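Peer 1: Going by our numbering, the final residue of the sequence shown carries number 452, and the count climbs one at a time with no gaps.
What follows is a single structure, and I will ask about it in a moment.
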Amino acid sequence: MTQNVIQQRVELARKGAYPKVIGRMASGWLVVADTQPVAGYCILLADPAVPSVNDLQGQQRLDYLQDVVRVGDALLEVTGAARINYETWCNQAPSLHTHIVPRYATEPQAQRLLPLCVAYDIAQARPFDLAEDAAFMQKMRNVLGIGPVEENAMSGGLTLYGIKNCDTVRKARNWLEEHDVAYVFHDFKLAGVTAQQLEAWAAQVGWEKLLNKAGTTFRKLPDGDKADLTEKRAIALMAVHPTLIKRPVLETQQGLQVGFKPELYAAALGKS
């Protein structure tokens with residue numbers, strides 16, 4: 181079956197072959213739009229591809245809608261926009277994607293009050309240019325704690341998962357940088373962790389090592405959620421509440437390190 185343009189771009193993003201990718205979010209791929217009638221115009225492409233938001237169920241639906249708004253929050257911070265417009269059509273390309281558009285107080289009055297596609301000739305606007313848009317893309321990555329697939333290859337396969345403001349995560353990041361270890365940082369409070377990934381981690385180290393029972397999030401759970409935990413239930417809880425995951429988690433080609441101890445990092449990475 182022939183793929184539509186959204187499906188094609190999702191496939192390219194998965195391969196690290198789509199240059200407009202800002203990064204991977206819990207529900208899909210954040211990309212820079214083909215043209216920039218207003219600065220910072222982005223699109224979120226759902227992955228896996230579905231026809232509409234109504235075809236998503238449960239946590240996947242919540243993840244997508246939350247990601248859309250998270251991108252809007254990041255755009256407000258990065259661009260200084262006055263507001264964000266959100267448009268989900270999927271008419272010409274019937275795979276779920278949402279246009280996330282900064283709108284500025286500096287736009288001419290006649291255009292500022294109209295939808296983007298009415299106010300501007302989108303096809304004739306400045307096209308995406310990697311050199312010109314790179315700084316914006318990096319700012320968005322920094323705010324959202326995300327990155328494109330190819331960054332993982334450049335990092336030698338190392339990804340550090342955690343929460344940006346956690347002291348232990350900061351110590352781990354400082355250690356990696358002091359020892360010139362390239363890595364990708366994934367803020368799982370912002371970008372989430374999938375149940376499939378948690379299952380893979382649990383297969384390596386056991387779910388008990390991943391679940392942070394000493395933290396505030398676990399203590400605030402209803403008693404029914406904390407009682408008689410099984411691997412399946414623990415993984416479901418961590419997928420919904422990523423702050424339950426013990427942090428940081430360092431994913432390497434050789435295996436997984438949970439928590440931070442300098443001597444264990446040194447042994448795992450061959451650093452003295």
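A virtual CB, placed ideally from N, CA and C, is assigned to each residue, including glycine.
Being a predicted model, the structure only gives us computed values, none of them experimental.
(1) If you check the beta carbons only, do M205 and I326 fall under 9 Å apart?
(2) Would you mind reading off the limits of the beta strand (DSSP E) that contains I223?
(3) Whole alpha helix (DSSP H) runs in the segment 276-364 with 4 or more residues, listed along the chain?
(4) With a cut-off of 8 Å, do at least 3 Cβ pairs link the segment 302-318 to the segment 400-410?
(5) For G372 and V429, which I take to be in contact (beta-carbon distance under 8 Å), what is that distance rounded to the nearest angstrom?
(6) For a test of the three-state rule: what should DSSP assign to Q272, helix, strand or coil?
(7) Provide the residue span of the beta strand (DSSP E) that contains T396, from first to last.
(8) Among the residues of its own chain, which have a CB less than 6 Å from the CB of A375, if the five just before and after it don't count?
(9) Under the three-state reduction of DSSP, which class applies to D367: helix, strand or coil?
(10) Give me the Cα-Cα distance between A219 and K200, rounded to the nearest whole angstrom.
(11) By Cβ distance, which residues of its chain are closer than 7 Å to M334, with the 5 residues on each side in sequence left out?
Peer 2: The answer reads as follows:
(1) Taking the first residue of the sequence shown as 1, we reach residue 205 at position 25. Taking the first residue of the sequence shown as 1, we reach residue 326 at position 146. Cβ distance < 9 Å, so M205 and I326 count as in contact.
(2) Position 43 of the sequence shown, counting from 1, holds the residue named residue 223. First-last of the beta strand (DSSP E) with I223: 222-226.
(3) 289-292, 296-299, 310-324, 329-334, 347-358
(4) no
(5) Your numbering for residue 372 matches position 192 in the sequence shown. Your numbering for residue 429 matches position 249 in the sequence shown. At roughly 13 Å, the Cβ-Cβ gap does not stay under 8 Å, so G372 and V429 are not in contact.
(6) On the sequence shown, residue 272 is found 92 positions in, with the first residue counted as 1. Coil, per DSSP.
(7) Walking along the sequence shown from the start, residue 396 turns up at place 216. First-last for T396: 396-399, but that is the alpha helix (DSSP H), not the beta strand (DSSP E).
(8) Walking along the sequence shown from the start, residue 375 turns up at place 195. Answer for A375: I415, A419, listed in chain order.
(9) Position 187 of the sequence shown, counted from the first residue, corresponds to residue 367. Reduced to three states, the DSSP call for D367 is strand.
(10) Mapped onto the sequence shown, residue 219 falls at position 39. Mapped onto the sequence shown, residue 200 falls at position 20. The alpha-carbon atoms of A219 and K200 are separated by roughly 14 Å.
(11) Taking the first residue of the sequence shown as position 1, residue 334 is located at position 154. Because the pLDDT at M334 is just 47, under 50, the model does not fix this residue reliably, and the point stays unresolved.
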